[in-house]
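Participant:
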Amino acid sequence: MKAALAYFAKRVVAGLLVIVPIYLAILVLLKGMKSLGQLVRPFSKLLPEWLPAEQFLSLILVLLICFFIGAALRTRLGERTRTRVERGVFEKIPGYGLFRSLTQQVAGDSRQNVWKPALVEIEDALVPAFIIEVFEDGRYTIFVPSVPTPLAGAIYVLEASRVHPLDVSFTDAFKVITKWGLGAKDLVAAMEAGTNRREVPMLVSKADGAP
Numbered sequence: 073m074k075a076a077l078a079y080f081a082k083r084v085v086a087g088l089l090v091i092v093p094i095y096l097a098i099l100v101l102l103k104g105m106k107s108l109g110q111l112v113r114p115f116s117k118l119l120p121e122w123l124p125a126e127q128f129l130s131l132i133l134v135l136l137i138c139f140f141i142g143a144a145l146r147t148r149l150g151e152r153t154r155t156r157v158e159r160g161v162f163e164k165i166p167g168y169g170l171f172r173s174l175t176q177q178v179a180g181d182s183r184q185n186v187w188k189p190a191l192v193e194i195e196d197a198l199v200p201a202f203i204i205e206v207f208e209d210g211r212y213t214i215f216v217p218s219v220p221t222p223l224a225g226a227i228y229v230l231e232a233s234r235v236h237p238l239d240v241s242f243t244d245a246f247k248v249i250t251k252w253g254l255g256a257k258d259l260v261a262a263m264e265a266g267t268n269r270r271e272v273p274m275l276v277s278k279a280d281g282a283p
């Protein structure tokens with residue numbers, strides 16, 4: 073009975089981790105459209121009557137505001153302002169930093185080291201995983217997602233020799249997990265290609281020093 077309840081609870085949490093951010097994003101979008109309704113109402117009369125002009129213009133205006141905010145955050149001043157706000161407010165919210173890194177990885181920010189795809193050695197197998205944290209002594213905190221709910225899984229602390237970071241995007245690794253392992257051969261190929269690139273300079277240096 074306890075095992076069944078634990079199984080059910082894990083699946084509920086995994087579902088919530090997917091649904092809640094989507095729900096909140098839609099809620100904020102609708103709230104923004106409603107707030108801007110009065111502002112765009114005079115312009116909505118210029119469009120055909122069959123078109124839901126007020127909702128359409130409100131949506132366009134909200135998206136434009138999001139675009140300009142996103143563009144401003146890419147500037148040096150915007151980056152400093154965002155950092156101050158995050159440190160002063162948002163980073164006090166449990167789990168904010170981790171999920172911020174997750175969303176940045178989804179957006180293709182290659183500078184992020186958190187949620188970096190990897191293949192890790194567990195027993196005699198290679199397991200798709202994500203790097204969450206790097207220790208000062210070189211060890212890694214690893215998140216191994218479950219299938220097919222990759223936002224639930226297990227946490228491991230592994231030696232560096234058992235962790236193979238991959239030069240692939242977060243979304244590519246995420247798809248492999250959600251597709252029950254389909255495409256894992258591409259992750260193995262990326263690992264082997266990275267290993268070969270590291271070995272070539274070592275071989276060259278030995279050759280240069282040979283008599």
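Using our numbering, the letters of the sequence shown map in sequence onto residues 73 to 283.
Glycine included, every Cβ here is placed at the ideal spot set by N, Cα and C.
All figures in this text were calculated on a predicted structure; none of them were measured in a lab.
DSSP three-state call for Gly225: helix, strand or coil?
Facilitator: It is a strand residue.
Participant: Could you compute how far the alpha carbon of Ile137 sits from the alpha carbon of Glu193?
Facilitator: The straight-line gap from Cα to Cα measures roughly 46 Å.
Participant: Once you ignore the five residues that flank Ser284 on each side, which residues in its own chain have a CB closer than 6 Å to its CB?
Facilitator: Lying outside 73 to 283, the shown extent of the chain, residue 284 is not represented and no answer is given.
Participant: Using the Cα positions of Phe246 and Phe128, report the straight-line distance between them to the nearest angstrom.
Facilitator: Each residue's Cα considered, the two are about 34 Å apart.
Participant: Could you pull the DSSP bridge partners for Pro200 from this structure?
Facilitator: Pro200 pairs with Leu191.
Participant: Since Val240 is in the alpha helix (DSSP H), which residue starts that stretch and which ends it?
Facilitator: From DSSP, Val240 is part of no alpha helix (DSSP H); its letter is neither H nor E.
Participant: Tell me, please, whether the region 211-229 touches the region 144-159 by the rule of three or more beta-carbon pairs shorter than 8 Å.
Facilitator: No, the region 211-229 is not in contact with the region 144-159.
Participant: On a CA-only basis, which of Leu123, Lys103, Pro120 is nearest Val134? Give me that one, please.
Facilitator: Measuring from the Cα of Val134, the nearest candidate turns out to be Lys103.
Participant: Distance, Cα to Cα, Phe207 vs Glu231?
Facilitator: Phe207 and Glu231: Cα-Cα distance of roughly 10 Å.
Participant: Could you check where the beta strand (DSSP E) with Phe215 kicks off and where it finishes?
Facilitator: Element bounds for Phe215: 212-217.
Participant: Can you tell me which of Pro189, Ala97, Thr250, Thr147 puts its alpha carbon nearest to the alpha carbon of Ala262?
Facilitator: Minimum Cα distance to Ala262 is reached at Pro189.
Participant: Just how far apart, CA to CA, sit Gly150 and Phe139?
Facilitator: Taking the straight line from one Cα to the other gives about 13 Å.
Participant: Kindly indicate which residue of Ala144, Ser233, Glu264, Thr221 has the alpha-carbon position closest to the one of Trp252.
Facilitator: The residue with the shortest Cα to Cα distance from Trp252 is Thr221.
Participant: Just to confirm the assignment, what range does the alpha helix (DSSP H) spanning Pro114 have?
Facilitator: 109-116 is the extent of the alpha helix (DSSP H) around Pro114.
Participant: Give me, in chain order, the residues of the same chain whose beta-carbon lies closer than 6 Å to that of Arg152; leave out the 5 immediate sequence neighbours on both sides.
Facilitator: Around Arg152: no qualifying Cβ.
Participant: Quick one: measure Cβ to Cβ for Val216 and Tyr228, integer angstroms, because I've assumed they're closer than 8 Å.
Facilitator: Yes, Val216 and Tyr228 are in contact; Cβ-Cβ is about 6 Å, under 8 Å.
Participant: What did DSSP end up calling Glu121 once you bin it into helix, strand or coil?
Facilitator: In the structure shown, Glu121 sits in coil (DSSP, three-state: anything other than H, G, I, E or B).
Participant: Is Glu151 helix, strand or coil when you go by DSSP?
Facilitator: It is helical.
Participant: Under 8 Å between the Cβ atoms of Leu191 and Leu238?
Facilitator: Cβ distance < 8 Å, so Leu191 and Leu238 count as in contact.
Participant: I need the DSSP call for Leu133, collapsed to helix, strand or coil.
Facilitator: Leu133 falls in the helix class under three-state DSSP.
Participant: Can you tell me which of the three DSSP states Glu231 falls into?
Facilitator: Three-state DSSP puts Glu231 in coil, outside helix and strand.
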